[in-house]
Amino acid sequence: MRAVGIHHITVRVQDPEASRRWYEEVLGLGFMEIPVDERVTGIWRGRPTSGALHATQVGGTFVILAPPLEGTSGDDRFSEYRIGVDHLAFAVEDRSELDALVERLRAAGVHTEGVEVDPVLDKEYVCFRDPDNVQWEAYMV
Numbered sequence: 018m019r020a021v022g023i024h025h026i027t028v029r030v031q032d033p034e035a036s037r038r039w040y041e042e043v044l045g046l047g048f049m050e051i052p053v054d055e056r057v058t059g060i061w062r063g064r065p066t067s068g069a070l071h072a073t074q075v076g077g078t079f080v081i082l083a084p085p086l087e088g089t090s091g092d093d094r095f096s097e098y099r100i101g102v103d104h105l106a107f108a109v110e111d112r113s114e115l116d117a118l119v120e121r122l123r124a125a126g127v128h129t130e131g132v133e134v135d136p137v138l139d140k141e142y143v144c145f146r147d148p149d150n151v152q153w154e155a156y157m158v
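Using the numbering used here, the letters of the sequence shown map in sequence onto residues 18 to 158.
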């Protein structure tokens, strides 16, 4: 395979509407709503518990907030202690973006250590978690 990028990332969240609002208000992302119908459910391995996806495009990659599938525990939250994705990272080109993000996160009551430096890559980044405990980073490129 000669991949040219990542097309989309789907993040399962307990409440897609509440998550959409959080991502818009805290991170400043804009989302479009995609109704869940037979076109969408036909490609999933299970039935969703609610009726809409919320999608935004970051660079060339779509980030999709999707409802849990039937059978998902109502109190389930993301954990890096399970096999699968550990965390996701946005790419930013300017340190001022990181500083502004730290301010937005703290104003919203979201825990962050602020701007840190990755000791392996020697890049600045900000780490935080969304309402479903998914760990996100904003990384200097």
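Glycine residues also receive a C-beta, built at the ideal position from the N, C-alpha and C atoms.
**Message:** Can you tell me whether Arg37 is buried or exposed? The criterion is at least 16 other CB atoms within 10 Å of its CB, across all chains shown.
**Reply:** Buried.
**Strand pairing of Thr27, partner residues [DSSP]** = Ile81
**Tyr40, DSSP secondary structure in three states** = Per DSSP, reduced to three states, the secondary structure at Tyr40 is helical.
**Prompt:** According to DSSP, is Val119 helix, strand or coil?
**Reply:** helix
**Message:** Can you look up Glu160 in the DSSP assignment and give me helix, strand or coil?
**Reply:** Any property of residue 160 remains undetermined from this structure, which presents the chain solely from 18 to 158.
**Asked** Helix, strand or coil for Glu133 per DSSP?
**Response** strand
**Asked** Quick one: what does DSSP say Glu50 is sitting in, helix, strand or coil?
**Response** strand
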